[in-house]
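Student:
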Amino acid sequence: MRSTCVIAAAAALSCADAFCFSPARMSGDVLAPFQAGKALKVISGLNKFDADLVSKVARAAAAGGGTHIDIACDPDLVRAAKAVSNVPVCVSAVDPELFPACVDAGAEMVELGNFDCFYDQGLTFSAEDVLEMTRKTRALLPTTPLSVTVPHTLDLDDQVDLAVELEGLGVDVIQTEGKFSLDPSKGGIQGAIERAAPTLAAAHAISKAVSIPVMAASGLSDVTAPMALAAGARGVGVGSAVNKLNSEIGMVAVVRAIASAMGLPKPSAVEAPVSAGKATA
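Residues -18 to -1, 1 to 263 in mature numbering (1 follows the signal peptide of the UniProt record, and there is no 0) are what the sequence shown lists, from first letter to last.
1) Considering Cα atoms alone, identify which of Val130, Gln157 and Met233 is closest to Ala44.
2) DSSP state of Leu128, grouped into three classes?
3) Would you call Lys64 buried or exposed, if buried means 16 or more other Cβ atoms sit within 10 Å of its Cβ?
4) Where are the beta strand (DSSP E) runs, 3 residues long or more, that stay fully inside the segment 13 to 40, in chain order?
5) Unbroken beta strand (DSSP E) runs of length 3 or more, entirely within the segment 58 to 145: which are they?
6) For Leu164, collect the residues of the same chain with a Cβ closer than 6 Å to its Cβ; drop the 5 residues on either side in sequence, then sort them by chain order.
7) Kindly list the residues whose CB is nearer than 7 Å to the CB of Met244, restricted to its own chain and excluding five residues on each side of it in sequence; keep chain order.
8) Report yes or no: do three or more beta-carbon pairs, one from the segment 28 to 42 and one from the segment 77 to 92, lie closer than 8 Å?
9) Let me check understanding here. Comparing Cα to Cα, which of Gly152, Gly201, Val60 and Glu159 lies closest to Phe107?
10) Ala40 and Ile25: beta carbons closer than 8 Å?
11) I'd like the list of long-range same chain contacts for Asp140, defined as Cβ closer than 8 Å, with 5 residues on each side in sequence excluded.
12) Helix, strand or coil for Val153 per DSSP?
13) Which residues in the same chain have their Cβ closer than 6 Å to the Cβ of Ala199, if we skip the five residues on either side of it in sequence?
14) Taking the straight line between their C-alpha atoms, what separation do you get for Leu94 and Pro249?
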């Protein structure tokens, strides 16, 4: 399976002057993949401001069959992503004041979180912190599709309670986190399942408490993405499995493997503007 995805990835990137589309992306509704239970968001990172990396991840998301790309909240990065891909752009931040400029630049969706990069700095976010950021975001952007991450540092019952309150504030998508296991007891498939267990548990519990879509993220792979959907998630977010790779072909292969495991259609190519950059391995 993985070798097949690598071959397909190379073929996708051989046509450097093409955008890739899935039927969901062509619908024009950024929330449609969530409603269909088939959203695949490819994450470059809330704290990654390298335009070259963002462009690579954007191209990989399109060529691999992702439905969204999630990037740091910066108007220049939005323009860079949209210059090379027609995959809808979500921008992530913890400062709501940053969102409007990115929406003006073309971002179709905004997200509060993911908070992983802050935990390494010793920072955590309480439920009230998240609720206050959400209120500010909705005041600034009352109709823009909004995803909010529920911090995994909260007890699971508190995560569920927070998700219910967020739904009441008009949030469109809840994203889960999972404490990433750095030392699973086994490698291979068992290790993949161990790494995904926390976010699978959160997705299951939260999806039973809210009516809006839940997106599972943190530690997911082509092995565990279908498990997330079975647990109640309506979408999957994948970050470090893609954005830490040096090879763009490798990025596409990972996205394609997860998209295939989720039953997403293969993207089709259409003409891209002359500004589209050349893909590199």
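Note that CB positions come from ideal geometry on N, CA and C, so glycine has one too.
Here the structure is a predicted model, which means the values were calculated and not measured.
Tutor: Taking the geometry as given:
1) Met233
2) strand
3) Label assigned to Lys64: buried.
4) 21 to 25
5) 71 to 75, 91 to 94 and 128 to 132
6) Because the pLDDT at Leu164 is just 49, under 50, the model does not fix this residue reliably, and the point stays unresolved.
7) Lys20, Leu22, Ala207, Pro208, Leu211 and Val218
8) As far as the Cβ criterion goes, the segment 28 to 42 does not touch the segment 77 to 92, which means the pair count is below three.
9) Glu159
10) Ile25 sits away from Ala40, with the two beta carbons spaced by 8 Å or more.
11) Answer for Asp140: Ala109, listed in chain order.
12) coil
13) The residues are Gln157 and Gly219.
14) 28 Å
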